[in-house]
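K.L.:
I'd like to ask some things about the structure below.
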Amino acid sequence: MIKSLTNQKLYGLVAGLMSLLLMAFVATPAQAQMDDGELPKVDVGGAVSSDAQAIIVEDYDSDGPAGQDGYTETTSLGFNRVAAQIQANVQFSENVSGYVELSAEPEENPDFTKFTTNIDFVYVNVNVAENLMVQAGTPGIGTANFPRWSDGALVQGNPLVGNSLAFPGTAGNGGVKLIGSYPAFGFDLTLTRGFGGGQDVSSNADDIVRDGSGIDIYGKARYTGSDLFNLGAGAAFHTGSKGLSVAAGDGDYYNVPSEIISTASGVSSRPGFSNSPTLPSDIIFNVDGEVMAGPFSANALLGYATESAETDSGTDDAAIFGELGAKYDVNDSFFVAGRFSTMSDQTDYDSDPEQTLMSRFALGAGYTYEAAMLKLEYANQSQATDPADTDAGDDGTFAFANQDHNWQAITAQFSVAF
Numbered sequence: 006m007i008k009s010l011t012n013q014k015l016y017g018l019v020a021g022l023m024s025l026l027l028m029a030f031v032a033t034p035a036q037a038q039m040d041d042g043e044l045p046k047v048d049v050g051g052a053v054s055s056d057a058q059a060i061i062v063e064d065y066d067s068d069g070p071a072g073q074d075g076y077t078e079t080t081s082l083g084f085n086r087v088a089a090q091i092q093a094n095v096q097f098s099e100n101v102s103g104y105v106e107l108s109a110e111p112e113e114n115p116d117f118t119k120f121t122t123n124i125d126f127v128y129v130n131v132n133v134a135e136n137l138m139v140q141a142g143t144p145g146i147g148t149a150n151f152p153r154w155s156d157g158a159l160v161q162g163n164p165l166v167g168n169s170l171a172f173p174g175t176a177g178n179g180g181v182k183l184i185g186s187y188p189a190f191g192f193d194l195t196l197t198r199g200f201g202g203g204q205d206v207s208s209n210a211d212d213i214v215r216d217g218s219g220i221d222i223y224g225k226a227r228y229t230g231s232d233l234f235n236l237g238a239g240a241a242f243h244t245g246s247k248g249l250s251v252a253a254g255d256g257d258y259y260n261v262p263s264e265i266i267s268t269a270s271g272v273s274s275r276p277g278f279s280n281s282p283t284l285p286s287d288i289i290f291n292v293d294g295e296v297m298a299g300p301f302s303a304n305a306l307l308g309y310a311t312e313s314a315e316t317d318s319g320t321d322d323a324a325i326f327g328e329l330g331a332k333y334d335v336n337d338s339f340f341v342a343g344r345f346s347t348m349s350d351q352t353d354y355d356s357d358p359e360q361t362l363m364s365r366f367a368l369g370a371g372y373t374y375e376a377a378m379l380k381l382e383y384a385n386q387s388q389a390t391d392p393a394d395t396d397a398g399d400d401g402t403f404a405f406a407n408q409d410h411n412w413q414a415i416t417a418q419f420s421v422a423f
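In the working numbering, the protein residues as written are 6 to 423.
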């Protein structure tokens, strides 16, 4: 491993560690003022996650063996690469705080043959009023108010291993967020869009021009005044020619063969990994909620996404997406959980509604021991589109272009968070 580290990788690792140390040293001069009411504090934490997977993939093959209707199954077993991170929360003063996260998320790295670390998440919070805070940095973006997701090594907030099929959430390249927190109500408004990384250049090879990237705008509001339930709504849209980067989602944990595809948001899937299908990226809207009743909890989300031909994709697209999940705590250490998520491509729904649906079902259990967690999950993903139907493949599968197969997997995941 040490021999495989190039100078560039070492520079990235050193830069990240220096960032953590810098935030700690910035707070140091205030340490002597604690008696005067200052609140300097540095909390360092981290997480490690590793998982093994057995998966059966069903592919359509027009030249498949006789009697199998053109379908073949491939079974594989192996370990996914370890994800790890270290983070620091810093309280600079009573109303100013910061966060920086250095992480290695190999399953989300397009060049998955390399070992890389990077500053994945960093921001500064400033309390501008009793219930209002301004955040600047790489804001968390998305339209869900109560997500139960995994991201890199941070997996213990998700009772299952994988995420929802339609997963509109990730980290922005850079931006600012206004957060309101009240006893029974909350909201946040985010402005983000990063230059570079292909975000401000047309993807049309015949028209290599610099496009105005515009701004991505996210808004969420939620009611949290009940001990039994929470309700919320979220929406996102953009002002430029590039689609919302959040449309491609984040945090995939299934090693399924897939082809590379580009999206309107400038994000591509990775060979060897099955990204969640990409939502239309002009406007995304959803309502969501959760119920908490003793050891039982449940969450639900229903959303709609649309995209016009004026965007970089050059197509008119629409999709409905949603999920329903539940968790039951058997005792303080053991829990069981399940989730059903789906996406329906509405672009060709009227002409062929049976060819436009993708669904994922997951059932799992977990055991917590101090800072460690072990999860076991069965997941099954199916697509209604028949690959043998060339018309359906051409017209009804914009969101599923890299999902030309069904699969089922058993995944064991071990993680530690501190």
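Using N, Cα and C, we set each Cβ at its ideal position, and we do this for glycine too.
Which residues does DSSP list as the beta-bridge partners of Leu107?
P.N.:
Here residue 107 corresponds to residue number 102 of the sequence shown, with the count starting at 1. Its beta-bridge partners are Ile91 and Ile124.
K.L.:
Measure the CB-CB distance between Gly191 and Leu236 and report whether it falls below 7 Å.
P.N.:
Translated into the one-based positions of the sequence shown, residue 191 becomes position 186. Translated into the one-based positions of the sequence shown, residue 236 becomes position 231. No, the pair does not count as a contact, with Cβ atoms beyond the cut-off.
K.L.:
Near Ile220, which residues of its chain fall below 8 Å by C-beta distance, leaving aside the five closest residues on each side in sequence?
P.N.:
Looking up residue 220 in the sequence shown gives position 215. Cβ within range, chain order: Leu196, Thr197, Arg198, His243, Thr244 and Gly245.
K.L.:
Could you tell me if Pro285 is buried or exposed, where buried requires 16 or more neighbouring beta carbons within 10 angstroms of its beta carbon?
P.N.:
The residue you call residue 285 lines up with position 280 of the sequence shown. Label assigned to Pro285: buried.
K.L.:
Pull up the distance between the alpha-carbon of Val139 and that of Gly174, whole angstroms please.
P.N.:
Stepping through the sequence shown from its first residue, residue 139 is reached at position 134. Stepping through the sequence shown from its first residue, residue 174 is reached at position 169. Roughly 20 Å separates the two Cα atoms.
K.L.:
Which residues in the same chain as Pro188 place their Cβ atom closer than 8 Å to its Cβ, once the five residues preceding and following it in sequence are excluded?
P.N.:
Here the question's residue 188 lines up with position 183 in the sequence shown. Correct list, in chain order: Gly230.
K.L.:
Just verifying my parser: in three-state terms, what is the DSSP assignment at Val166?
P.N.:
As a working mapping, residue 166 is identified with position 161 in the sequence shown. Val166 falls in the coil class under three-state DSSP.
K.L.:
Name the DSSP bridge partner or partners of Asn304?
P.N.:
Walking along the sequence shown from the start, residue 304 turns up at place 299. The partner list for Asn304 (beta bridge, DSSP) reads Glu295 and Gly330.
K.L.:
Whose CA, out of Glu328, Asp322 and Asp321, lies closest to the CA of Asn304?
P.N.:
Taking the first residue of the sequence shown as 1, we reach residue 304 at position 299. For the residues Glu328, Asp322 and Asp321, the minimum Cα distance to Asn304 belongs to Glu328.
K.L.:
Using three-state DSSP, classify Val160 as helix, strand or coil.
P.N.:
What you label residue 160 is simply residue 155 of the sequence shown in a count that begins at 1. Residue state, collapsed to three classes: coil.
K.L.:
Assuming Tyr258 is part of the beta strand (DSSP E), what are its boundary residues?
P.N.:
Residue numbering aside, residue 258 sits at position 253 when the sequence shown is read from its first letter. Segment: none, Tyr258 is in no beta strand (DSSP E) and carries neither H nor E.
K.L.:
If you follow the beta strand (DSSP E) that Gly180 is in, where does it begin and where does it stop?
P.N.:
Residue 180 sits at position 175 when you count from the first residue of the sequence shown. Element bounds for Gly180: Gly180 to Ser186.
K.L.:
For Asn94 and Glu78, I'd like the C-alpha separation in whole angstroms.
P.N.:
By 1-based counting over the sequence shown, the position of residue 94 is 89. By 1-based counting over the sequence shown, the position of residue 78 is 73. Straight-line Cα distance between these residues: approximately 47 Å.
K.L.:
Taking only the alpha-carbon atoms, compute the straight-line gap between Gln58 and Ile222 and give it to the nearest angstrom.
P.N.:
Taking the sequence shown and counting its residues from 1, the one referred to as residue 58 is at position 53. Taking the sequence shown and counting its residues from 1, the one referred to as residue 222 is at position 217. Roughly 37 Å separates the two Cα atoms.
K.L.:
In angstroms, rounded to a whole number, what distance separates the CA positions of Ile60 and Glu110?
P.N.:
Working through the sequence shown from its first residue, we reach residue 60 at position 55. Working through the sequence shown from its first residue, we reach residue 110 at position 105. Rounded to the nearest angstrom, the two C-alpha atoms are 21 Å apart.
K.L.:
Inspect the beta-carbon positions of Val160 and Ser54 and report whether they are closer than 7 Å.
P.N.:
As a first step, residue 160 is located in the sequence shown; it is residue number 155 there, counting from the start. As a first step, residue 54 is located in the sequence shown; it is residue number 49 there, counting from the start. Cβ distance < 7 Å, so Val160 and Ser54 count as in contact.
K.L.:
Pull up the distance between the alpha-carbon of Val335 and that of Tyr383, whole angstroms please.
P.N.:
By one-based count along the sequence shown, residue 335 stands at place 330. By one-based count along the sequence shown, residue 383 stands at place 378. Rounded to whole angstroms, Val335 to Tyr383 spans 19 Å at the Cα level.
K.L.:
Starting from the Cα of Thr352, find the closest Cα among Asp321, Ser81 and Val87 and give me that residue.
P.N.:
The sequence position of residue 352 within the sequence shown is 347, counting from 1. Ranking the options by Cα distance to Thr352, first place goes to Asp321.
K.L.:
Give the DSSP bridge partners of Thr311, in chain order.
P.N.:
The sequence position of residue 311 within the sequence shown is 306, counting from 1. Note: Thr311 sits in a beta bridge opposite Ile288 and Ala323.
K.L.:
Could you give the residue range of the beta strand (DSSP E) that holds Ala240?
P.N.:
Locating residue 240 in the sequence shown gives position 235, counting from the first residue. Note, Ala240: beta strand (DSSP E), Phe234 to His243.
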